Every structure is written in C-alpha cells, then in structure tokens.
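Number of protein chains: 2
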Amino acid sequence: MTARRWCTTGAATRPPSRRCRRERTRHARPARAGPGRPGPAVPGARTADTFTDEPVTDAQVAAIHDLIRHGPTAYNGQPLRVLLLRSAAARTRLLPYLSSSNRAKTAAAPLVAVLAADVDFHERLPELYPHRPRARDWLTDRVARAEQARFSATLQIGYLLVGVRAAGLAAGPMAGFDAAGVTREFFPDGRHEALLLMNVGHPGPDAWRERLPRLNTEEVVWTL
Amino acid sequence: MTARRWCTTGAATRPPSRRCRRERTRHARPARAGPGRPGPAVPGARTADTFTDEPVTDAQVAAIHDLIRHGPTAYNGQPLRVLLLRSAAARTRLLPYLSSSNRAKTAAAPLVAVLAADVDFHERLPELYPHRPRARDWLTDRVARAEQARFSATLQIGYLLVGVRAAGLAAGPMAGFDAAGVTREFFPDGRHEALLLMNVGHPGPDAWRERLPRLNTEEVVWTL
Numbered sequence: 007m008t009a010r011r012w013c014t015t016g017a018a019t020r021p022p023s024r025r026c027r028r029e030r031t032r033h034a035r036p037a038r039a040g041p042g043r044p045g046p047a048v049p050g051a052r053t054a055d056t057f058t059d060e061p062v063t064d065a066q067v068a069a070i071h072d073l074i075r076h077g078p079t080a081y082n083g084q085p086l087r088v089l090l091l092r093s094a095a096a097r098t099r100l101l102p103y104l105s106s107s108n109r110a111k112t113a114a115a116p117l118v119a120v121l122a123a124d125v126d127f128h129e130r131l132p133e134l135y136p137h138r139p140r141a142r143d144w145l146t147d148r149v150a151r152a153e154q155a156r157f158s159a160t161l162q163i164g165y166l167l168v169g170v171r172a173a174g175l176a177a178g179p180m181a182g183f184d185a186a187g188v189t190r191e192f193f194p195d196g197r198h199e200a201l202l203l204m205n206v207g208h209p210g211p212d213a214w215r216e217r218l219p220r221l222n223t224e225e226v227v228w229t230l
Numbered sequence: 007m008t009a010r011r012w013c014t015t016g017a018a019t020r021p022p023s024r025r026c027r028r029e030r031t032r033h034a035r036p037a038r039a040g041p042g043r044p045g046p047a048v049p050g051a052r053t054a055d056t057f058t059d060e061p062v063t064d065a066q067v068a069a070i071h072d073l074i075r076h077g078p079t080a081y082n083g084q085p086l087r088v089l090l091l092r093s094a095a096a097r098t099r100l101l102p103y104l105s106s107s108n109r110a111k112t113a114a115a116p117l118v119a120v121l122a123a124d125v126d127f128h129e130r131l132p133e134l135y136p137h138r139p140r141a142r143d144w145l146t147d148r149v150a151r152a153e154q155a156r157f158s159a160t161l162q163i164g165y166l167l168v169g170v171r172a173a174g175l176a177a178g179p180m181a182g183f184d185a186a187g188v189t190r191e192f193f194p195d196g197r198h199e200a201l202l203l204m205n206v207g208h209p210g211p212d213a214w215r216e217r218l219p220r221l222n223t224e225e226v227v228w229t230l
C-alpha cells in the first residue's frame, strides 16, 4: 500500500519487465459495475498510482456509500467518516503531511479522501442500536471507545476499498502520512482520528505497479 | 455486530414484525458466487445468527482466501492469521471467553474462525516487500508494529467478510468476547493478537436479525 511505483516508464532506470507490461494490459480497463453486472467482488487487487482527469462525482461517492453502508460494525456504530478534499486549498493543506513519494500523485488525483474514525460515535447509539438503550453508557471511557472507533472504522475502510472497485473506480490507499498532523489540521474538534488517505479516480497511464507476492493459504490459515 | 438476535421466533416474547418476516424472506437464499456469476460485491448486509448443519470445507476456505489475498495492506505485510476451530475440544476451549449471548450459536456453528494479527509480520517483509529491503528494520519497535499489524489485519477482516459472502456463505462476526483471554488461550507464543471471532456457514432458520438503521451519506461524507 505504501510501496513506491514499481512498474515505471519514462525516466525509469530500467525498462518495464515483460510481466510488468502484461499486468498493465490485463488491468488497464477494470470492469465497470452496473445493474446485473457487478464489479469484482474483492478489493484492491491493484493499487492505482495515476489517474485520468475524469472527475469522481458526488453521485458516484453516494453510490459507493450505498454499496457499503450495510457492512457490520460493533454496536452498529458506523464510526467511519469520509472527508473529501476537492478544493485546491484543501489539497494544499494536506500535501505537507504526506511522505514525499505520495505528494505528486495526490496533488494530481481527481479525488482525495481522508478516512477517519469518529471517536464519539457512541452519541448516535440510541438511534443506531435501539434494542440496547444503555449501549451508549457502556462506552464512556474515551480510550476504550477510541479503540472501538478505530477498529470498526478500519473494517469499514475494508468495505470501502471493495466498494470503490465495485463501482468501477480505482483506489490508491496511502498509509504513508503524518496521521496526527492530518488529524490536527482537518479535525480540530478533537473527536476524529485520521486513519488512512485514499486517492480515487479512473486509472491513468502506468497506473499499476508490479504485483507483490502474497502469502499462501496454508501460511495464514491454521486448524485446531 | 454484537447485537442480540432481533428477529426471533419460538420463545420470543413478541411475534416477528412484518418487516422482520419480509427481510427474512428476502435474505433467506444468498446468491451463490461462481465463474462469471460473482456474489454480492459488498459485505455483511446481514449478520447470521443460525446456520444449517452443512459443513464449510477447507476447499471453501481456500477459495475465500484466494478471493481476498490481493487486498492491499501496509508494506504488503498481510498480517491477518485465521485459526479455524473444527474439533470439539478446540470449540470447548473457546466458549468460556464469549459473552453469554454468543455461546450457543458459536457452539452450533459449522465453522468458527479466530481472526488474529501476527505482530511479527515484519519478519516476512524481505520476501513480501522486496523493493525496500530495509523495510523490516523500520518496524523494530513492537508497540508501533503491533498497531500496524492490527490496522492491516482489520482491513483484511473487512475483505474477508466480503469474501465469505461472495463465496455464497453467511458470516456471523462477533466482537463480544474476551480478546486478551482468547489470545492467551490460543496464541501462547505471544506474537499474535485475537481481533474478532466469526461464525461461518449456510444460513439456518431465523438466521437474520431485523436490519438496524444506517447513517445517510450526508452524515458521514463531508467535502472541503
């Protein structure tokens, strides 16, 4: 996710490998989702590094949210908040907090989302978890609640990465940034914590890195 | 996710609502995924509380892992580990750590998975993130590394919930358990942390709770 671009051209010091060219071709046109023609069921097979100029509309964002809004969270708390940086001014405020390798592509992306957890999500529980009217009172400890908020919001980010892709768009999640700095800059209210940044758009030229190795099932699944 | 069963019958003190019955019907037969016929693109619209006796095979588990293995993680670290509890002895060891409302359904589920983070995932980075040979050395601090492991493993749990569903199965994620106790019981090596439990199977009678309210897009997506 924080990898530098791996399949490069132009100023690259070596030509793209055959595998690299093959992968590019295979992934150049992700399938579009549509009625009766759902997108890939799983997320982020590739992290996009470049995008076309085609914008990502508010309607597309709402459609993605609609796809993922029923994903489960603890207490049905739904703590994920998504701050879309559309204005040039907002984008400029973000860039200093990014690792240097993430700045140019983020400045150029059609849409940048700051994905954050609402630590005070419990205030909505009487409405979201109505069959347990006391649930809000179980979460009075802020430290424990912040951990819950981060956990459920991170699950929701997993759903979101799926949703972006299912909507026919490409996502470029970035963990390489100063999260505390972004939290202070964009959430001065003190109730939100930035967790991840994500560029979103239609994949551009040389968008895809060479695929990195994945662990095999027998390395990650054990049985007792 | 930790909600008690909401649409009930039998010993329930009130009959299921009309909405409850309607929802049950609509969700009683999740679409099966298959070649050219992918399952729903998004996860966990419903959390299953009961399952049929039909087993979940190792081949199904491997197929689910294959669906989700390319999901992005920081440093491509893939810290999620899945411990399947199949034997009666293993199941018996788990039950005392569950909240009382989760015990009976977990005892009866065809498959129970303990979803955990491998805090020492960095040991594999030379192989998983080969273009940054020093990445392992950036993660020598255990506390910071554990936070990274939990974050990426939680994203992967989000993908997993999608994958279970895309494979035509139902998932019952449970956060209501003693995570430190489960970690001690099943991961005495000290390098893993249990994050979530998940029952998996084919949905049984009265498997679905009444749908809880979800936040609207304008409540969770803001623009700058």
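Chains as they are written, first to last, in my numbering: chain A, 7 to 230; chain B, 7 to 230. Glycine included, C-beta positions come from ideal geometry on N, C-alpha and C. Every value quoted in this text rests on a predicted model; they were computed, and no experiment measured them.
Taking 8 Å as the threshold, the shortest C-beta distance from residue 139 of chain B to chain A does not fall below it. For a cut-off of 8 Å, the C-beta gap from residue 89 of chain B to residue 192 of chain B is around 6 Å, short enough to register as a contact. When B/131, B/147, B/79 are compared, the shortest CA-CA separation from residue 141 of chain B is found for B/131. The beta-carbon of residue 93 of chain A is placed less than 8 Å from the nearest beta-carbon of chain B. At a cut-off of 8 Å between beta-carbon atoms, residue 188 of chain A makes no contact with chain B. With respect to the 8 Å criterion, residue 199 of chain B and residue 152 of chain B are classified as neighbours on the basis of their beta carbons. In the DSSP assignment, residue 108 of chain A falls within the unbroken alpha helix (DSSP H) covering 106-114. Not one beta carbon of chain B lies nearer than 8 Å to the beta carbon of residue 149 of chain A. With respect to chain A, the C-beta atom of residue 84 of chain B has a partner C-beta closer than 8 Å.
Residues of the same chain with their beta carbon placed closer than 8 Å to that of residue 63 of chain A are lacking, with the five preceding and five following residues left out of the count. Taking C-beta separations shorter than 7 Å and ignoring five residues to either side along the sequence, the partners of residue 55 of chain B in its chain run 11, 111, 178, 213, 215, following chain order.
Comparing alpha-carbon positions, the option among A/208, A/221, A/190 lying closest to residue 102 of chain A turns out to be A/190. Within the segment 101-135 of chain A, the residues whose Cβ lies closer than 7 Å to any Cβ of chain B are, in chain order, 133, 134, 135. Neighbours of residue 227 of chain A in chain B, taken as residues at a C-beta separation under 7 Å, are given in chain order as 67, 71, 88, 90. In the structure shown, residue 145 of chain A adopts helical secondary structure according to DSSP, grouped into three states.
Between the C-alpha atoms of residue 158 of chain B and residue 162 of chain A there is a straight-line separation of about 12 Å. Contact with chain A is absent for residue 174 of chain B, since none of that chain's Cβ atoms lies less than 8 Å from the residue's Cβ.
For residue 134 of chain B, the uninterrupted alpha helix (DSSP H) segment begins and ends at 131-134. Not a single CB atom of chain B sits nearer than 8 Å to the CB of residue 185 of chain A.
For residue 203 of chain A, there are no neighbours in chain B by C-beta distance under 9 Å, as the nearest C-beta there is about 12 Å away. Between residue 85 of chain A and residue 207 of chain A, the C-beta spacing is not below 8 Å. For residue 168 of chain A, a Cβ of chain B is located within less than 8 Å of the residue's own Cβ.
Residue 87 of chain B counts as buried, since at least 16 other C-beta atoms from the protein chains shown sit within 10 angstroms of its C-beta.
Using a Cβ-Cβ cut-off of 7 Å, residue 96 of chain A is close to 230 of chain B, given in chain order. Interface criterion met: the Cβ of residue 160 of chain B is under 8 Å from a Cβ in chain A.
Residue 61 of chain A counts as exposed, since fewer than 16 other beta carbons sit within 10 angstroms of its beta carbon. What residue 179 of chain A touches in chain B, judged by beta-carbon distance under 7 Å, is 78, going in chain order. In terms of beta-carbon proximity, residue 164 of chain A lines the interface with chain B, with at least one pair separated by less than 8 Å.
Beta-bridge pairing by DSSP links residue 57 of chain A to A/209.
Close partners of residue 157 of chain B in chain A (Cβ separation under 7 Å): 160. When only Cα atoms are considered, residue 104 of chain B and residue 80 of chain A end up about 15 Å apart.
In the structure shown, residue 138 of chain B adopts coil according to DSSP, grouped into three states.
Residue 194 of chain B counts as exposed, since fewer than 16 other C-beta atoms from the protein chains shown sit within 10 angstroms of its C-beta.
Among the residues facing chain B, residue 58 of chain A is not included, as its CB has no counterpart in that chain under 8 Å away. When the five nearest sequence neighbours on each side are left out, the beta carbons in the same chain lying within less than 6 Å of the beta carbon of residue 185 of chain B are those of 200, in order along the chain. For residue 66 of chain A and residue 128 of chain B, the gap between their C-alpha atoms comes out near 37 Å.
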